[in-house]
Amino acid sequence: MIFKPYNQSDLINIASNFEIKESIAAVGGLGMGHINDTYVVKSTSDGQPGYLLQRINHTIFKDVPALMDNILLVTNHLKAKLKAVPGADPDTEVLTIVKTRDQFSYHYDSRGNYWRVYTYLKNTKSLDVVVSPEQAYEGGKALGKFQSMLTDFDAGRLHETIPCFHNIALRLDQYNTALQNDHVARRQLVAGEIAFVNERADRMSAILNLIKEEHLPLRVTHNDTKFNNILLNEDDHAQCIVDLDTVMPGYVAYDFGDAIRTLINTTAEDERDLSKIDLNLPLFEAFTNGYLTESAEWLTEGEIKSLCLSVLLFPYMQGVRFLTDYLQGDTYYKTQFPGHNLQRARAQFQLLKKLEDQYETIEDIIWETANHCLDMKYEQSKQGNA
Ligand code: GN1
Ligand code: MG
């Protein structure tokens, strides 16, 4: 969507609709995410960021009230859970929505755009490339806890704000339509990628079959678990999972697969030099250990099988999505240069090739870790009962 940019005074005006206690000194752009526009709000008193202001992309999120409803329901649930945990801090471990002065969770402006405000989480970092197994373990634990705390939340209460978001059959349909339409005449530039996608299309529906055959439970999932959405504190401890726009009913594998896609990759998701893309298996093992420490007890066997499949599915699906956007003329994701979506797709497909080569090892790590975590829980419960 192209529109006249918002200037500083527009942004300050928008921010002043929210219950921000301090007077606002400045609102500055923060380059993150491929979808929404994000700004930090600084106050006059200390000039430090105090809030995050976001314009929600309503071309993609067509029902913003439903999206905000989901976020409120989920954050309220998580905060209530953490209140009961000694030493936990619901204010900094879960995102906090700042309401508008008339008590709405979003502001609709005169130009037809939707805005929301979160409190800013100080002293945190977001990693595009993970470096240490400790960071990976912490990230895995944070995701496992997030899902665990939502196991008693009825997924039926949430709106499906982007229907079939991680359904590979739908993503392939969208891709095939883009390919047939070829609106911007790019099909002839991607013959290699087309062959790559087609060769794997049947295999990638394995997860959809498993969901049906093993009746995998529909749970509450985050659905956008790129590792950089798991904020760490200065000591590399997980602080808070952010970007809750796609919190919806989903399958646990979707969160696991998307986190692994970003974490196991030695480069950023859009690396141009494909020879640099490699797997960091120790990070994968550490993340899996953290995740299963929190979740092995309640995951079904079918769900553990699905975790393995998700490791291949997510780079594939993400590559297909980037390629589709390239074929459609770059209308969905923000891009920084011409051909960015194609570069992203190529990087995802290269990552997938590496993962396919190591798939047996990946499966072994998941099953061994799950069994190990279950043994540990059993030992702990025996000791607890003794
Ligand atoms: C988008 O919001 P952001 O930029 O983190 C996308 C995700 C993709 C991701 C790829 C609503 O996420 O699904 O995995 O880009 N979000 C939506 O980096 O499509
Ligand atoms: Mg997002």
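Residues in the sequence shown are numbered consecutively from 1, following my numbering. Even glycine gets a Cβ: it sits at the ideal position worked out from N, Cα and C.
(message) Measuring CB atoms only, is the region 14-22 touching the region 109-117, in the sense that at least three cross pairs come out at less than 8 Å?
(response) yes
(request) Below 8 Å on the Cβ atoms is my guess for residue 318 versus residue 272; work out the distance and round it to an integer in Å. (result) Actually they are not in contact, since the Cβ atoms of residue 318 and residue 272 sit about 17 Å apart, beyond 8 Å.
(request) Return yes when the Cβ of residue 227 is within less than 8 Å of the Cβ of residue 94, no when it is not. (result) no
(request) Going by CA-CA distance only, name the one from 326, 79, 297 and 311 that's closest to residue 380. (result) 297
(message) Quick check: is any heavy atom of the ligand MG less than 7 Å from the C-beta of residue 33?
(response) yes
(request) Could you tell me the distance, in whole angstroms, from the CA atom of residue 374 to the CA atom of residue 275? (result) Rounded to whole angstroms, residue 374 to residue 275 spans 38 Å at the Cα level.
(request) Grab me the residues of residue 229's own chain with a C-beta within less than 7 Å of its C-beta, minus the 5 sequence neighbours each way, in chain order. (result) Taken in chain order, the residues that qualify are 241, 242 and 243.
(message) Below 8 Å on the Cβ atoms is my contact criterion, and I expect residue 294 with residue 145 to pass it. Report the Cβ-Cβ distance as a whole number of Å.
(response) 5 Å
(message) Using only CA atoms, which one of 288, 311, 218 and 82 lies nearest to residue 239?
(response) 82
(message) Helix, strand or coil for residue 116? Go by DSSP, reduced to three states.
(response) strand
(message) the ligand GN1 and residue 318: does any heavy atom of the ligand fall closer than 7 Å to the residue's C-beta?
(response) For residue 318, the distance from the CB to the nearest heavy atom of the ligand GN1 is below 7 Å.
(message) Let's see if you can read the secondary structure: which residues bound the alpha helix (DSSP H) around residue 133?
(response) 133-149
(message) For residue 387 and residue 258, what's the separation of their Cα atoms in angstroms?
(response) Since the first residue of the chain shown is 1 and the last is 386, residue 387 is not available in this structure.
(message) Which residue wins for smallest C-alpha separation from residue 66, given the options 161, 351 and 90?
(response) 161
(request) Would you kindly check if the distance between the Cβ of residue 266 and the Cβ of residue 277 is under 8 Å? (result) yes
(request) Please state whether DSSP places residue 72 in a helix, a strand or coil. (result) helix
(request) Return the bridge partner residues of residue 125 from the DSSP annotation. (result) Answer is 232, bridged to residue 125.
(message) So the candidates are 328, 206, 347 and 280; which of them puts its Cα closest to the Cα of residue 270?
(response) 347
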